[in-house]
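Residue numbers (the working numbering), protein chains in the order written: chain F, 54 to 430; chain Y, 18 to 278. Using N, Cα and C, we set each Cβ at its ideal position, and we do this for glycine too. One structure is given here, and the rest of the page talks about it.
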């Protein structure tokens with residue numbers, strides 16, 4: 054296949070250039086921040102001294118090091134002033150931070166003493182978003198507008214749901230996030246596919262998949278008395294951890310189920326387009342085959358997201374001579390449970406997505422298929 | 018019986034009913050994949066070189082996800098090659114971006130988690146952050162590769178005479194859907210994983226500026242982007258490889274497949 058220069062590549066290059074400019078702007082933007090001041094490390098070579106080599110009770114050897122930093126403040130009322138400060142860090146950088154020469158950082162200056170808050174990371178986000186958008190435009194062209202709009206709407210809806218949840222203070226959390234699923238999936242599918250029969254069928258399959266599987270899992274949890282569910286090990290709990298876990302599960306499963314329903318429904322739809330005389334049985338067979346192929350990898354996506362995120366803590370627990378069993382209980386068991394519930398949702402969605410796809414066929418060839426269905430039952 | 022165990026049993030039964038033999042294999046692929054992750058955590062905690070471990074475990078995990086999870090050899094082989102190439106490219110990219118972002122380790126919010134734990138574990142958390150990011154994206158890449166390959170093969174199966182150009186066109190159509198919805202899997206997976214963190218930011222009145230520079234938020238947002246980039250690269254690569262492979266020896270694969278069915 055010969056390579057052809059397409060218009061979307063030109064657009065991608067324009068996106069990349071605009072993004073590069075924005076990256077540079079955000080790197081140098083200092084006055085948009087008011088809570089903390091932005092400062093730059095003026096050393097070209099940071100003095101980095103070893104304070105002590107240490108070994109803790111778990112026989113972990115590490116060092117304590119100290120950086121002497123010269124700072125020049127770039128924003129706020131201390132603008133233009135220079136300070137010298139010290140930064141103590143451990144090279145493993147679990148909770149401490151090593152700074153680099155010439156780096157931009159946030160400082161909080163109180164009584165002439167600057168406390169370093171954070172490195173300035175906003176420009177890295179802009180940079181990576183630029184790369185993503187440029188590649189997206191190059192790969193799918195105009196379609197990226199829909200994807201970006203869908204992503205922005207998801208973030209906005211997510212923000213609104215969080216406000217609502219805080220407003221309700223965690224009450225009715227299952228109801229709230231169930232409703233959130235319905236709204237989220239409607240808008241996501243609407244934007245990517247447009248309002249048509251294919252989209253409505255996908256939506257129906259998604260909702261059936263989520264709610265049937267969630268109800269099933271909820272019943273199982275109730276029947277087993279939620280034993281060994283260590284809700285209190287959930288991180289950053291600011292409200293009832295059990296409700297929070299259920300809400301996380303409801304929202305975490307949505308994307309995967311939507312993904313799967315779309316994959317199956319749109320592939321079956323494509324199939325019907327390319328082969329008009331397909332029978333119901335063939336369609337069910339194809340749907341099941343697709344489902345079999347997709348469900349394993351899809352479950353793995355979520356397992357990797359839910360469990361890889363807990364790896365830093367898990368490694369720390371293991372490093373500190375905890376047994377595998379207690380480490381699992383503390384850091385992985387909630388993520389694992391969330392993965393399994395999502396996996397059940399993904400498997401059940403195969404059935405609903407294939408079932409709902411039958412709507413397409415009925416419409417096309419009502420009579421013969423009606424007979425077929427009669428034979429099957 | 019603990020809840021987790023009961024749920025796993027139900028999952029195994031459902032996967033057997035819906036997926037048949039492939040379902041059982043998928044179940045084991047998920048199980049092995051999880052065990053591999055825990056194994057990586059153990060090996061890292063013993064102080065083995067993290068970069069080396071990551072390089073070894075990328076193909077291992079891809080093989081587990083793709084070959085055990087799919088029953089069609091052509092789909093699996095094609096998906097594995099595309100996913101592996103993309104993973105190597107994205108690993109380099111992640112390494113560069115994590116160096117710039119300096120968003121490793123646990124946030125200051127994790128204070129209460131760390132009570133009684135070593136804050137000086139003598140392990141490179143910047144390197145661990147890279148490993149976590151690579152493993153988080155790997156699943157999405159493998160999934161996209163499999164979705165692309167199996168979707169295209171279904172079309173090919175029902176339309177054996179389809180031309181390479183037509184197949185590429187169908188690939189673009191499927192690719193658009195795969196990309197659009199892979200985005201949802203990743204985004205909502207992340208929302209579901211970090212809902213409590215977002216609530217934390219909101220309840221503690223973080224400003225938007227603070228959140229955008231905060232270690233954990235930046236880390237999560239970057240992982241979403243890495244995964245998207247991985248999926249974007251996978252779409253054209255796997256449809257190109259599949260249409261190429263089938264153009265050359267399509268008839269051979271067809272006969273083997275129909276025998277298998």
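Per the coordinates, the alpha-carbon of residue 136 of chain Y lies some 16 Å from the alpha-carbon of residue 364 of chain F. A straight line joining the alpha-carbon of residue 180 of chain F with that of residue 102 of chain F spans about 33 Å. Using beta-carbon distances, residue 350 of chain F counts as an interface residue toward chain Y, with a partner under 8 Å.
Beta-bridge analysis with DSSP links residue 123 of chain F to F:137. Pairing residue 111 of chain F with residue 373 of chain F gives a Cβ-Cβ distance under 8 Å. In the three-state DSSP reduction, residue 404 of chain F falls in the helix class (H, G or I).
Fewer than three beta-carbon pairs drawn from the region 366–383 of chain F and the region 26–40 of chain Y are found closer than 8 Å, and the two stretches are therefore not classed as touching. Spanning the alpha carbons of residue 32 of chain Y and residue 41 of chain Y requires a straight line of approximately 6 Å. The alpha helix (DSSP H) runs of length 4 or more contained entirely in the region 128–176 of chain Y are, from start to end of the chain, 142–175. Using beta-carbon distances, residue 112 of chain Y does not count as an interface residue toward chain F, since no partner is under 8 Å. The distance from the Cβ of residue 177 of chain F to that of residue 125 of chain F is about 21 Å, inconsistent with a contact at the 8 Å cut-off. Between residue 254 of chain F and chain Y, the shortest Cβ-Cβ separation is not below 8 Å.
If you look at residue 166 of chain F, you'll find it isn't in any alpha helix (DSSP H); it sits in the beta strand (DSSP E) that goes 166–172. Of Y:164, Y:193, Y:116 and Y:155, the smallest CA-CA separation from residue 142 of chain Y is found for Y:116.
Out of F:328, F:413 and F:67, the CA that lies nearest to the CA of residue 188 of chain F is found in F:67.
By the Cβ-count criterion, residue 149 of chain Y is buried, with 16 or more other Cβ atoms from all chains shown falling within 10 Å of its own Cβ.
Put simply, the region 85–100 of chain F touches the region 124–140 of chain F. At least three CB pairs are less than 8 Å apart.
Against chain Y, the CB of residue 196 of chain F has a partner CB under 8 Å away; the residue lies at that interface. Cβ-Cβ distances below 8 Å link residue 106 of chain Y to 250 in the same chain, with the five nearest sequence neighbours on each side left out; the list follows chain order. Rounded to the nearest whole angstrom, the CA to CA distance from residue 397 of chain F to residue 270 of chain F is 8 Å. DSSP, reduced to helix, strand and coil, places residue 161 of chain F within a strand of the structure shown. Proximity to residue 72 of chain Y across Y:36, Y:147 and Y:51 peaks at Y:147, based on C-alpha coordinates. Three or more beta-carbon pairs drawn from the region 85–100 of chain Y and the region 242–262 of chain Y are found closer than 8 Å, and the two stretches are therefore classed as touching.
For residue 282 of chain F, the nearest CB of chain Y lies under 8 Å from its own CB, placing it at the interface with that chain. For the region 74–106 of chain F, the residues whose beta carbon sits under 9 Å from a beta carbon of chain Y are, in order, 85, 86, 87, 88 and 89. Distance check between residue 81 of chain F and each of F:105, F:311, F:159 and F:108 places F:159 closest, using alpha-carbon atoms only. Interface residue (Cβ-Cβ distance to chain F less than 8 Å): residue 258 of chain Y is not classified as such.
In this structure, the beta-carbon distance from residue 350 of chain F to residue 159 of chain Y falls below 8 Å. Excluding sequence positions up to five before and after residue 68 of chain Y, its CB lies within less than 7 Å of the CB of 144, all in the same chain and listed in chain order. In terms of beta-carbon proximity, residue 76 of chain Y stays away from the interface with chain F, with every pair separated by 8 Å or more. Contact check for residue 142 of chain F against residue 174 of chain F fails: the beta carbons are separated by 8 Å or more.
When Cβ pairs closer than 8 Å are counted between the two stretches, the region 201–211 of chain Y is seen to touch the region 308–320 of chain F, the count reaching three or more. For the region 92–124 of chain Y, the beta-carbon criterion of a distance under 7 Å to any beta-carbon of chain F is satisfied by 92, 114, 117, 118, 119, 120, 121, 122 and 123. Bounds of any alpha helix (DSSP H) do not take in residue 281 of chain F, whose DSSP letter is neither H nor E. Between residue 390 of chain F and residue 262 of chain F, the CB-CB gap reaches or exceeds 8 Å.
Residue state for residue 105 of chain F is assigned as strand, using DSSP reduced to three classes.
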